[in-house]
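All residue numbers for the sequence shown refer to this note's numbering, where the first residue is 22 and numbers rise by one.
C-beta: ideal position from N, C-alpha, C; glycine also.
In this text, all values refer to a predicted model and were calculated from it rather than measured experimentally.
Reviewing the structure listed below.
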Amino acid sequence: MSKIHELSPELTNQIAAGEVIERPASVVKELCENSLDAGSTRIRIDFIDAGLKQVTVQDNGSGIAKDQIDLAFTRHATSKIATERDLFNISTLGFRGEALASIAAVSHVEVVTSSDNLGGVRAVFSGSEKKLQEDAASPKGTKISVSDLFFNTPARLKYLRSERTEILKIVDIVNRLALGHPDVAFTLTNNGKVLLKTNGRNDLRQDIANIYGRQLAEKMDVLKNSSPDFKITGLISDPNTTRSNRNFISLLLNGRYIKNYRLTQAIIAGYGSKLRPRRYPIAVVKIELDPLLVDVNVHPTKQEVRLSKEQELERLLTTSISEALEKTPQIESGLDNLLTPKKATNIDQLKFNLNQDVVNTARPIEFTPQVEADESNEVHETAAEFVSLDKVRNDDKYVITASWDENVAKQVQLDPFDAEKEEQKDGSVISSGDEILANTLPQLTYLGATKSYLIARHDEDLYLVDQVTAEKRLAYDKILQDLTSENISQQGLLSPLILDFSNVDYLKLKESLENLKEFGLFLEDFGQNSLILRTYPIWLQPNIEKNVRMILDLYLNQGANDLVKLKAQVAGEISRHQKIRRRTLNPAEAQDLLKKLSTSSDPYQDFEGKIIIVQLGENDLSKMFKKDE
22 MSKIHELSPE LTNQIAAGEV IERPASVVKE LCENSLDAGS TRIRIDFIDA GLKQVTVQDN
82 GSGIAKDQID LAFTRHATSK IATERDLFNI STLGFRGEAL ASIAAVSHVE VVTSSDNLGG
142 VRAVFSGSEK KLQEDAASPK GTKISVSDLF FNTPARLKYL RSERTEILKI VDIVNRLALG
202 HPDVAFTLTN NGKVLLKTNG RNDLRQDIAN IYGRQLAEKM DVLKNSSPDF KITGLISDPN
262 TTRSNRNFIS LLLNGRYIKN YRLTQAIIAG YGSKLRPRRY PIAVVKIELD PLLVDVNVHP
322 TKQEVRLSKE QELERLLTTS ISEALEKTPQ IESGLDNLLT PKKATNIDQL KFNLNQDVVN
382 TARPIEFTPQ VEADESNEVH ETAAEFVSLD KVRNDDKYVI TASWDENVAK QVQLDPFDAE
442 KEEQKDGSVI SSGDEILANT LPQLTYLGAT KSYLIARHDE DLYLVDQVTA EKRLAYDKIL
502 QDLTSENISQ QGLLSPLILD FSNVDYLKLK ESLENLKEFG LFLEDFGQNS LILRTYPIWL
562 QPNIEKNVRM ILDLYLNQGA NDLVKLKAQV AGEISRHQKI RRRTLNPAEA QDLLKKLSTS
622 SDPYQDFEGK IIIVQLGEND LSKMFKKDE
């Protein structure tokens, strides 16, 4: 073993910096938290080249005394705790005494500060070494400039993301700080351009408007509740104003932004069944509690905390949000709740779906019953229970056996085909007959209809077609075709649509205007975190703004990595919300629907996997009438 020795102060500072300072956003966070602890009411953050070239934070706080400069940049030197009791009663954002020392260890730092408005001091540090200290004119407060971050630890640079990503992380940090401290005026600029500006008037709704947009802020509901240990305040969105990820949920504990999965889940649970699947609310939730009930000393960045009575807080959060939503009637949620129960029926139904995923599987597949409402509000159910399918070779034919339980089994004989298997373009191996049947529906002749289904025939077989599901498949195909067309037909808006965004989303979308043209969205920069739309693709009707925001939300969540996949998701979302009601078709309309279905991308199921068509062969009919006994 090598000889044990004590690490130099420079090396220990660099090691500590690795825990606290991960990227330019870490510098911004630590300096802003120091400014808040100093009692500042105005904080200005300026950065250049994503913060790697320079980050400057200036405040009007209490400042640093001349004889305290050296201590301020010494590890574990702090004015915020003095005894062991203080460590478990933290009421400030910073307290470890690591921030300035860690920053100075991996950058060049200049500090200009004054504690009395009469005279100030300027000091320069580089790689933990003090280079200069002199008197300087300065208003009360502190201005710290950090330049050439990681100049002496270049290996750290390879862990950073793109310039755009690093900018967005800085913006996100300042957004959370501003939401936690609406009584402080924040200004954030990148290369001289203002990204965020709050007024410091202690108006949370106004700050949310500055960050996420005025339209969203106006629709948010007030959250207010308390218990002997906790006080909860904030603003939450209604269940119909959601996003596709949890990033818009901000938890602020005694003014500190924290990450806590269980508390976030408690917020979501407060919405109950009002939220659509994979949709999340926008929420700014402030929690005040006795500092003795929280341990913030569990992680160097102080974003993860340990809470006493956490389960009690979870219950209070869920109850508070549920009660806040009940005070504001939610028009759309009533119908959703009405349609939520989905009971399986005992209908003995054979699923006719010759896709490769079904034909080539012998495992049980669960089909969820689909519930829809027609114009008379009558609920119709299309259900199948647990189905297992097995494929065996029998006299040059494949026989698919579909079993619903141990006592019932049906067989469908497919036309003979070559048993030799071949590879498809996607690399999967299926038989050539399967491949043909997966993409071809026989030409059906319309015979009649029930209230919900079309009845057709081909040769000796009968086919039942779910009319609404078939029309949804055709609607999906049409939208996807329009999306992939080189020239997407546009309709002019009588009044241009102005869309407000959070500053983070605005920056992302502003850089993606060319990509968004792929979806027929010709957006223009309108300034102040807004984009303007003057025309729209005709397939977006009728709810244009809602559909535009849906597309942009999907894009923000998934990016431009796979536009083909994203277009399929957009087509699915648009067609999913189209109101296709059951109606009586005349024979010509019904035959036309069957013809279009035969040329669709998948005539056997819609884009959500719902069954479109069921086949009853001669053997099936004979068994139903017990003629095979």
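Determine the extent of the beta strand (DSSP E) in which Val205 is found, giving its start and end residues. Segment: none, Val205 is in no beta strand (DSSP E) and carries neither H nor E.
Burial state of Lys418, where buried means 16 or more other Cβ atoms lie within 10 Å: Because Lys418 sits at a pLDDT of 38, beneath the cut-off of 50, its placement in the model cannot be relied upon, and the following sentence gives the value as read from the coordinates. Classification of Lys418: exposed, given that the 10 Å Cβ count is below 16.
So what does DSSP say about Asn266, is it helix, strand or coil? coil
Taking the straight line between their C-alpha atoms, what separation do you get for Ala609 and Leu534? 44 angstroms
Within 8 angstroms, do at least three Cβ pairs link the segment 237 to 255 to the segment 330 to 340? yes
How far does the beta strand (DSSP E) with Pro558 in it extend, from its first residue to its last? Ser551 to Pro558
As a quick exercise: from Asp67, Thr339 and Ile191, pick the residue whose alpha carbon is nearest that of Ser247. Thr339
Taking Cβ positions, are Ser168 and Lys74 nearer each other than 8 angstroms? yes
Does the distance from the C-beta atom of Ala71 to that of Glu187 stay below 8 angstroms? yes
Neighbour-count burial assignment, Met645, 16 or more Cβ in a 10 Å radius: exposed
Helix or strand or just coil, what does DSSP make of Asp498? helix
Can you tell me which of the three DSSP states Asn212 falls into? coil
Would you say Ile632 and Pro624 are within 8 angstroms of each other, going by their C-beta atoms? no
Please state whether DSSP places Lys164 in a helix, a strand or coil. strand
Taking a contact to mean a Cβ-Cβ separation below 8 angstroms, would you say Leu256 touches Leu244 in this structure? yes
Taking 8 angstroms as the cut-off, decide whether the C-beta atoms of Leu273 and Leu209 are in contact. no
Please return the same chain residues whose Cβ sits closer than 6 angstroms to the Cβ of Leu284, not counting the five positions on each side in sequence. Leu272
Cβ-based burial, Asp311 [other Cβ within 10 Å; buried from 16]: exposed
Nearest to Val205 by alpha carbon, out of Ile66, Ser510 and Arg604? Ile66
In this structure, what does DSSP give as the bridge partners for Glu309? Lys252
If I measure Cβ to Cβ from Ala496 and keep anything under 6 angstroms in the same chain, skipping five residues before and after, which residues do I get? Ser596 and Gln599
Out of curiosity, what's the CA-to-CA distance linking Arg87 and Ala93? The question names Arg, yet the displayed sequence has Lys at residue 87. Lys87 and Ala93: Cα-Cα distance of roughly 10 angstroms.
Asn246, DSSP secondary structure in three states: strand
Contact check, Thr262 vs Leu237 under 8 angstroms by CB: the rounded distance? 6 angstroms
With a Cβ-Cβ cutoff of 8 angstroms, do Gly141 and Asn81 count as a contact? no
On the premise that Tyr527 lies in contact with Asn550, defined as a C-beta separation below 8 angstroms, what is that separation, rounded to the nearest angstrom? 4 angstroms
Starting from Ser643, follow the alpha helix (DSSP H) in both directions and report where the run begins and ends. Glu639 to Met645
My output table needs one value for Asp426: the three-state DSSP class, helix, strand or coil. With a pLDDT of 38 at Asp426, under the threshold of 50, the modelled position of that residue is not reliable, and no figure is offered here.
Should Ile64 and Val78 be called a contact, given that it needs their Cβ atoms to be closer than 8 angstroms? yes
Determine the DSSP secondary structure at Gln562, reduced to helix, strand or coil. coil
Cutoff 8 angstroms; reference Lys647; Cβ partners in own chain excluding five residues on either side: none
Could you tell me the boundaries of the alpha helix (DSSP H) in which Thr339 lies? Glu331 to Lys348
Please determine, among Tyr467, Ser47 and Leu178, the residue with the shortest C-alpha to C-alpha distance to Ile191. Ser47
Within 8 angstroms, do at least three Cβ pairs link the segment 502 to 512 to the segment 465 to 479? no
Under the DSSP definition of a beta bridge, which residues are partnered with Arg570? Beta-bridge pairing links Arg570 to no other residue.
Between Asn578 and Ser265, which are expected to be in contact by the criterion C-beta below 8 angstroms, what is the C-beta distance as a whole number of angstroms? 4 angstroms
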